[in-house]
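Be aware that the sequence shown starts at 1, since it is given in the UniProt record's numbering, and climbs by one per residue.
A virtual CB, placed ideally from N, CA and C, is assigned to each residue, including glycine.
All values reported here derive from a predicted model rather than from experimental measurement.
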Amino acid sequence: MSSAFESFVAVHQYQLESIPQDLWQPLFMKLGEDYLDAGSVMELHQGDPLPGLSLHLKQDVGNLEKHSDIFLIDHAWTTTPETAKQQLHENPTTLLERLENLMGIEAEEGWVDDDEEDDDIEHDDELISMVAEQANVSYEKAKQALIDENYEVVNAIANLTIDPEFQKQADALQDQVLGQLIASGKAQEKEDTVNKEKEEKKQQWIKDWMNRRVNNVYDTMWSFIQTYSYTVLKTDGQSAAQTALYVNDEVGSAVSHSSQPNMVCVPFIFSRGASGMIPYSILFPIQTIQPGELITCDLVPKTLERDSDRQAYLLAFQNRLAPEEQHNGDEQKAALQNAFKTLVATSDNGKTSNDDVTITNPEKYRNALLSSAASSKTVKVYTDIDCIRSGVTLPNIQWVKEEGQADITWTKTAVESSSLHSNLIYQQNFAQLIRRAYGCTDSALWFLPSYLLSKELAECVGDALDQTSSSGKPVLWTTQSYDTPEQPSQRRRIITTLPELIRQYDTPMTPQLVQHYPTNPCLYNGKKFHLRYMVLLNQHSPSSSDTWFAGVYNKMFWVRLANKKFNMEDVQDMDRQLLVGNDAGYEMTVLDHTSFIRHMEKEHAPLKWNDVQGNINKVIKDILHAASTQSIAAENKASGTSFGVFTFDFMLTEAFQPVIMDIQSTINPSTVCKDDKQIVDNFLSVIDSRFDALDKGLETFTLL
């Protein structure tokens, strides 16, 4: 027993650091027996003092002293945002119903068949008596007539008062017609059709009912979700950070929030050796608790140091706050809105870029290339990209095997470490770059407001509250983890509720960037689309500001079309929403750009595409101006030349305003090379004049 306990301590030493040492032994004993005994000293209250369930010390157990005991809390559910709804659909009785009860969600009554509805009809005695009197029949006969006629009073009385002889003739005729129908099979066919329609109606109703229940639990779960982080080893040997989402059982989920808590509740992953890992939460008192007292813990992460961030975070737990924590909600929300407005004002006052500048001076750039050309007419190029080598038909080129021998280096990893590269393609850096350069107001037309939740939770929540108060509608958001070379961005999701938005903070190992989601896109035949442009940014001489080249490749652009018509009824249907960065697993339609332009001008007449293209080019220019003035040039170097090739993804609003959605480095343009066989030639020809194609290459770019 002693050695088993010592092994337990050794295996779990890091988790035990947050638990008083006097409680390690009782914790070990309870874990070994899976002993869930919190119910022996605590009880659930409904509606007192909180709207839902709350946890209290029992009246008959005496005081619970500080560090006197420790309790195991089971996990009712472990999930992820991507799989939660599927799990709820697949387990309607064991999981969905339990969570509805645990979260205090009022259950919506299920389907009731027509026959059952008839049994449940509350008959109107006064109405039945009136029909019986008018038709001069018994109470029971009048009641049955009303049931037969769906309580249509006039029809019921008419059937009861019809002439007996006429009724006999009508019945005979009905029997004759019915017999003919039965003989022809049409009666059965009609009955089958009616039954099929009823069944389809029933199944659709049940489907919609289940969707409402699942969505309700999903939206509510963010007030109950807890998290813990861990790392996994991928197949390539690299570690990856993961965050597990879980909901405590009925006891753990009834613990309320207080900034002066009487309990601590933390996750504890118990290792049973070969039997695997079992997740629990553990609960122990940190001050004396009186009989009947509300059980509380601090739900706010310790990493939130600003009071404004703590107040913002608590908006996710409005029905779980202890009475002393229920401050003036309007004042709290106003303070958060002010935090957002202060950020906007500070950013606008501190902006550093002028959006009315020209990056490229064609003559100076051309002269710089020509005057600095090396004496050797041969351009030495090093690449490890197949489509670059196979796509070049330019003269005066020599392929070299060593990077150090090259005049131009174009490799898969050449620019990954440059600040220009990281400022453009890593969303968290790009958001800060645009805000720093143009402020919030000037960039609002073409850049979606974005927030780093680890630093700007209060401002983000203030923005959400401000937008909702002004429009009356909640703001939709997209979320994604930070991009880094070691931790690429994960799939984006659309967020529809404030608690879910706030709880994205709880991913410390994969911190989150959130961004407004545009709900007013321009559509092509009712479908959402994205436009992709190839852009070259080149600095011939880092010592001179006159030698920048910024150009949009104008021979073509790429159009990606959603698979389904756009609507906001199901924001998680990626075949409708077409989120940038979520291409994997979704076969998007790619359109020819010339036919796309013709169709757009026809569908949205009197639209002129040249006007739209001009606005797109201006946005690209403003972005590159900010990047080129606030970043070090990319590290693709050739005799003092630095260049980067990027893709810019745009959507258009219904007012045809371009909005930048994503920027990626196109270090390996293999897909693009298939669509345009001359693209590599055109890019290289404007980087080095010795290819003798400078003027021809310049014609393929719209200079910025």
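Taking the C-beta atoms as reference points, Ser-308 is found nearer than 8 Å to Ala-339.
Ranked by how close their Cα comes to the Cα of Gln-657, the residues Ile-206, Asn-610, Asp-675, Asp-34 have Asn-610 in first place. Between the C-alpha atoms of Thr-413 and Gln-287 there is a straight-line separation of about 56 Å. Between Ile-663 and Phe-430 a beta carbon distance of about 7 Å is seen, short of the 8 Å cut, so the two are scored as contacting. Fewer than three beta-carbon pairs drawn from the stretch 239–259 and the stretch 511–525 are found closer than 8 Å, and the two stretches are therefore not classed as touching. Between Thr-220 and Met-103, the C-beta spacing is below 8 Å. Setting aside the 5 residues that flank it on each side, Leu-99 is surrounded in the same chain by Val-217, each with a C-beta closer than 6 Å to its C-beta; the list follows chain order. The DSSP-derived three-state label of Ile-385 is coil. If you look at Trp-24, you'll find it in the alpha helix (DSSP H) that goes 24–33. Here DSSP, grouped into helix, strand and coil, assigns Val-645 to strand. Per DSSP, Pro-285 lies in no alpha helix (DSSP H) segment; the continuous beta strand (DSSP E) that holds it begins and ends at 277–285. For the stretch 54–87, the continuous beta strand (DSSP E) assignments of 3+ residues that do not extend past its boundaries occur at 71–79, in sequence order. Listed as beta-bridge partners of Val-232 by DSSP are Ala-240. If you check the CB distance, Leu-16 and Leu-72 do not come in under 8 Å. Fewer than three beta-carbon pairs drawn from the stretch 593–600 and the stretch 387–403 are found closer than 8 Å, and the two stretches are therefore not classed as touching. By the CB criterion at 8 Å, Leu-50 and Ser-253 fall outside the cutoff.
In the structure shown, Phe-701 adopts extended strand secondary structure according to DSSP, grouped into three states. In terms of CA proximity to Trp-205, Gly-110 leads the group Gly-110, Asp-298, Pro-20. Lys-674: member of the alpha helix (DSSP H) spanning 670–675, first to last residue.
Counting only the Cα atoms, Gln-87 lies some 42 Å from Lys-674.
Your pair Arg-492 and Thr-507 does not check out as a contact, with CB atoms roughly 14 Å apart and the cut at 8 Å.
Boundaries for Gly-52: no beta strand (DSSP E) harbours it, and the DSSP string shows neither H nor E there. Residue burial is scored here from C-beta neighbours: Ile-679 has at least 16 other C-beta atoms within 10 angstroms and is therefore classed as buried. Nearest neighbour of Phe-5 by Cα position, chosen from Ser-481, Leu-31, Glu-43, turns out to be Leu-31.
Judged by beta-carbon spacing, Phe-701 lies within the 8 Å limit of Asn-554, meaning their Cβ atoms are closer than that value.
Setting aside the 5 residues that flank it on each side, Lys-528 is surrounded in the same chain by Pro-521, Ala-562, Phe-566, Leu-578, each with a C-beta closer than 6 Å to its C-beta; the list follows chain order. With distances taken between CA atoms, Arg-310 lies nearest to Arg-503 out of Asp-192, Cys-440, Arg-503. In the three-state DSSP reduction, Val-659 falls in the strand class (E or B). DSSP, read as helix, strand or coil, puts Phe-224 in coil. Here DSSP, grouped into helix, strand and coil, assigns Trp-399 to strand. Here the stretch 439–448 makes contact with the stretch 342–351; the two share three or more CB pairs at distances below 8 Å.
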